[in-house]
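For the sequence shown, this note's numbering assigns the number 34 to the initial residue and increments by one for each residue that follows.
What follows is a short report on a single structure.
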Amino acid sequence: MKNSIKKFLLFLLASVAIGTALTSCSTNDDGEAYFDETFLYGKWQSGTEFYRYDAGGEGVTWDTADDVTESEGQKFTWTLSGDELKHIHIMVMGGSVPKVYTVTTLTASTLSYYDSFGKVFTFSKVR
Numbered sequence: 034m035k036n037s038i039k040k041f042l043l044f045l046l047a048s049v050a051i052g053t054a055l056t057s058c059s060t061n062d063d064g065e066a067y068f069d070e071t072f073l074y075g076k077w078q079s080g081t082e083f084y085r086y087d088a089g090g091e092g093v094t095w096d097t098a099d100d101v102t103e104s105e106g107q108k109f110t111w112t113l114s115g116d117e118l119k120h121i122h123i124m125v126m127g128g129s130v131p132k133v134y135t136v137t138t139l140t141a142s143t144l145s146y147y148d149s150f151g152k153v154f155t156f157s158k159v160r
């Protein structure tokens, strides 16, 4: 019984250590959250919804449930400052729509953030 408890505690400790090592969040000198934006680059998926973040602050979003492909997706620009992720969606007929999110998780495989209404969005990296 004691051996199984020791093994469990060792496994738990190792899991926490690995999880901490894989997280790209840290704090700056002011104690504010900071995420490494290079983890954001690439394609992310949540259900049928996709976001692609390109280096240089550009991206595209599409939803396959709406029969929209990546090449037909809505373009946006993005910035990541601390834990604030800002999208500015570029409308086809002109104009733009800003959306601001607070990032809670950004790793090589998971992106999670919430909006000002408290709605949580979680994505998995597909490439």
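Cβ atoms here follow ideal geometry from the backbone N, Cα and C, with glycine treated the same way.
Residue range of the unbroken beta strand (DSSP E) whose run includes residue i
| i | result |
| --- | --- |
| E117 | E117 to I123 |
| D87 | E82 to D87 |
| K108 | Q107 to S114 |
| G127 | Where G127 is concerned, there is no enclosing beta strand (DSSP E), given that its DSSP letter is neither H nor E. |
| A66 | A66 to F68 |
Sequence-distant residues of its chain with Cβ nearer than 6 Å to residue i (five each side left out)
| i | result |
| --- | --- |
| F83 | W95 |
| V133 | K119 |
| D148 | Y134 |
| L144 | W77 and F156 |
| T97 | T81 |
| L55 | Reliability of the predicted coordinates at L55 is poor, the pLDDT of 46 falling under 50, and the value obtained from them is presented with this limitation in mind. The residues are T140. |
| A88 | Y74 |
| R160 | G75 and K76 |
Residue i Cβ short of 8 Å to the ligand GDP heavy atom set
| i | result |
| --- | --- |
| T155 | Absence of the ligand GDP is noted for the structure shown, with no ligands found whatsoever. |
For residue i, the residue or residues it bridges with in DSSP
| i | result |
| --- | --- |
| L73 | None, per the DSSP bridge assignment. |
| F154 | Y146 |
| V159 | In DSSP, V159 forms no bridge with anything. |
| T94 | Y84 and Q107 |
| T140 | The partner list for T140 (beta bridge, DSSP) is empty, contrary to what the question assumes. |
| V133 | K119 |
| S79 | E82 |
Own chain residues within Cβ distance below 8 Å of residue i, not counting five before or after
| i | result |
| --- | --- |
| I123 | Q107, K108, F109, T110 and S129 |
| E91 | K108, F109, T110 and W111 |
| G127 | none |
Close-in-space but distant-in-sequence residues of the same chain around residue i (CB under 7 Å, 5 per side omitted)
| i | result |
| --- | --- |
| Y146 | L118, Y134, T135, V136, T137 and F154 |
ask   = How do the region 68–85 and the region 104–117 stand: do at least 3 beta-carbon pairs fall below 8 Å, yes or no?
value = yes
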